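Step one of this worksheet: look at the structure below.
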Amino acid sequence: MNILVANLGSTSFKFRLFRFDPATSLGAGGAGAATMLAKGGYERVTDYGQAIDDCLGELKTAGHVRTAADLHGVGFKTVLGKNLTGCLRADTDSRVIDALNGFKEIAPAHNPPYALGIQRFREKLPGVPLVALFETAFYQWVPEAATRYAVPQAWHDAGVRRYGFHGASHKFVAERSAELLGRADIADRVRALYQAGPTPTEGAPLRVVSCHLGGSSSVTGIRDGVAIGTSMGLSPQSGLPQNNRVGDLDSAAVPFVMKTLGLPLAEVERQMTKESGLLGLSGVGNDLRDVKAAAAQGNARARVALDVFIHSTRHWIGAFLAELNGADALVFTAGIGENNPDIRAAICAQLDGVGLAIDEAKNNALRGAEGEISAAGSRTKIFVIPANEELVVARETLRCISAKN
Ligand code: ADP
Numbered sequence: 004m005n006i007l008v009a010n011l012g013s014t015s016f017k018f019r020l021f022r023f024d025p026a027t028s029l030g031a032g033g034a035g036a037a038t039m040l041a042k043g044g045y046e047r048v049t050d051y052g053q054a055i056d057d058c059l060g061e062l063k064t065a066g067h068v069r070t071a072a073d074l075h076g077v078g079f080k081t082v083l084g085k086n087l088t089g090c091l092r093a094d095t096d097s098r099v100i101d102a103l104n105g106f107k108e109i110a111p112a113h114n115p116p117y118a119l120g121i122q123r124f125r126e127k128l129p130g131v132p133l134v135a136l137f138e139t140a141f142y143q144w145v146p147e148a149a150t151r152y153a154v155p156q157a158w159h160d161a162g163v164r165r166y167g168f169h170g171a172s173h174k175f176v177a178e179r180s181a182e183l184l185g186r187a188d189i190a191d192r193v194r195a196l197y198q199a200g201p202t203p204t205e206g207a208p209l210r211v212v213s214c215h216l217g218g219s220s221s222v223t224g225i226r227d228g229v230a231i232g233t234s235m236g237l238s239p240q241s242g243l244p245q246n247n248r249v250g251d252l253d254s255a256a257v258p259f260v261m262k263t264l265g266l267p268l269a270e271v272e273r274q275m276t277k278e279s280g281l282l283g284l285s286g287v288g289n290d291l292r293d294v295k296a297a298a299a300q301g302n303a304r305a306r307v308a309l310d311v312f313i314h315s316t317r318h319w320i321g322a323f324l325a326e327l328n329g330a331d332a333l334v335f336t337a338g339i340g341e342n343n344p345d346i347r348a349a350i351c352a353q354l355d356g357v358g359l360a361i362d363e364a365k366n367n368a369l370r371g372a373e374g375e376i377s378a379a380g381s382r383t384k385i386f387v388i389p390a391n392e393e394l395v396v397a398r399e400t401l402r403c404i405s406a407k408n
């Protein structure tokens, strides 16, 4: 079974091809043994149709597929849709493209490329099942109190609420951390979540705080494999400071800068998405490596940018430690979380009072790989788990297609 995962940006097209063993067990929480056969992509894409042709050409040349019919499905990590979430067929269910278009103002960098790209896949590969896995899907069972903003009812009815993003990444962390903690029952529950919903569990609750720290970042609280809240809200420019997108911001700031700096709304929006976050704070760049290097050379703004990032991450970890009444595991994932021991150490500093202690030597030695970095006496285990979002999309795509057939 060949499943292609397509990652669509406004000017980019990235893909990975996974092959699942036909004997693979996917139902009832099966893990789905998969091999990644190919990985590639194109920048400065102006026509997704051409990119689809190029991608298929590459896969044919490499001998992975003979024709498009050898693709059993294509999966997309769509961001959010209006009144729609979960894992859905995007070729036969017209609601997917409508829902993406319905919220294009909330995710302008993500929704239009996916709506357009999925349409082009439909035209180019008729008969190949297409599946959209919304990033919001992992948050379907978050308690209402953690999803609401205190806005007039009409705003809420129009869709102004917390949705949450990085769902595929945090779902993978939920599954893998359960395995590392010896809770195969919870790992099975996570794998079957989008088909079965949260099913009853036995034993002590498993409490995980997952930190996806990368180009964009979020912290999610997870109980028994199900999200109970997350730092991102209505849009992917909330919560922690992002690379060049503002994180949490008091809503009064927007009318204030419009009036006092004379900025039109479109310019405020541009600055909040392109000139804020780590870039805006540091004035150096949007890559944490550059910000760290500048801070090490004495750049005060770069130091502040790091401090804000660390403070904000700790703030959200604290929120979920309170919600979960402690945690069995704290997990770091994504580019910064996987590769940056200094930032992990700063985030975990002086948390022994709430049962968290990092092992300095283990932490410093671990980069880009899975492992435990907590000190021997730490009540909460601290893990690094490399992100594996595409595998989650590929598995859910296969599950969705199998369920429908
Ligand atoms: P995205 O997929 O959202 O673009 P990533 O998960 O790749 O983001 O994370 C990008 C961030 O991770 C950058 O800020 C970068 O500084 C950091 N990062 C990536 N690789 C490394 C590394 N080897 N060492 C330190 N930081 C890294």
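Each residue of the sequence shown is one higher than the last, beginning at 4 in this note's numbering. Glycine residues also receive a C-beta, built at the ideal position from the N, C-alpha and C atoms. These numbers were taken from a predicted model, which means no experiment stands behind them.
For the set R22, G358, N328, the Cα lying nearest the Cα of M39 is the one of R22. Contact holds between the segment 215-226 and the segment 170-177, because three or more Cβ pairs, one in each stretch, are under 8 Å apart.
Rounded to the nearest angstrom, the gap between the Cα atoms of V229 and I189 is 9 Å. Taking a C-beta distance under 8 Å as the contact criterion, F386 and V307 do not qualify as a contact pair.
In the three-state scheme derived from DSSP, where H, G and I count as helix and E and B as strand, V222 is classed as strand. Within 7 Å of the C-beta of R248 there is not a single heavy atom belonging to the ligand ADP.
L327 has its alpha-carbon roughly 24 Å from the corresponding atom of V311. Contact check for G120 against Y51 passes: the beta carbons are separated by less than 8 Å. For A325, the secondary structure class from DSSP, reduced to helix, strand or coil, is helix. Exposure of H314 is indicated by the presence of fewer than 16 other C-beta atoms within 10 angstroms of its C-beta. Three or more beta-carbon pairs drawn from the segment 85-102 and the segment 123-141 are found closer than 8 Å, and the two stretches are therefore classed as touching.
Under the three-state reduction of DSSP output, H169 falls in the coil class, being neither helix nor strand. Taking the Cα positions, D290 is about 19 Å away from P389. Excluding sequence positions up to five before and after V260, its CB lies within less than 8 Å of the CB of L266, V271, all in the same chain and listed in chain order. For the segment 147-191, the full-length alpha helix (DSSP H) segments reaching 4 residues or more read 156-161, 170-183 along the chain.
Between the segment 110-126 and the segment 69-82 there are three or more inter-stretch CB-CB distances shorter than 8 Å, so the stretches are counted as touching.
The beta-carbon distance between W319 and G242, rounded to whole angstroms, is 7 Å. This is short enough to meet the 8 Å contact definition.
One alpha carbon belongs to V396, the other to T263, and they sit about 45 Å apart.
Separation of the CB atoms of M275 and V249 is rounded to 5 Å, and the pair is thereby assigned contact status at 8 Å. Its Cα nearest to that of S97, the residue L133 stands out among L133, T64, K107, H67. About 5 Å separates the CB atoms of K384 and A332; that is less than 8 Å, so the two are in contact. Comparing C-alpha distances from A93 to each of S234, R125, A330, F106 shows the shortest one belongs to R125. Counted as a single uninterrupted DSSP element, the alpha helix (DSSP H) harbouring T263 occupies residues 256-263. By the neighbour-count definition (other C-beta atoms within 10 Å, threshold 16), E341 is a buried residue.
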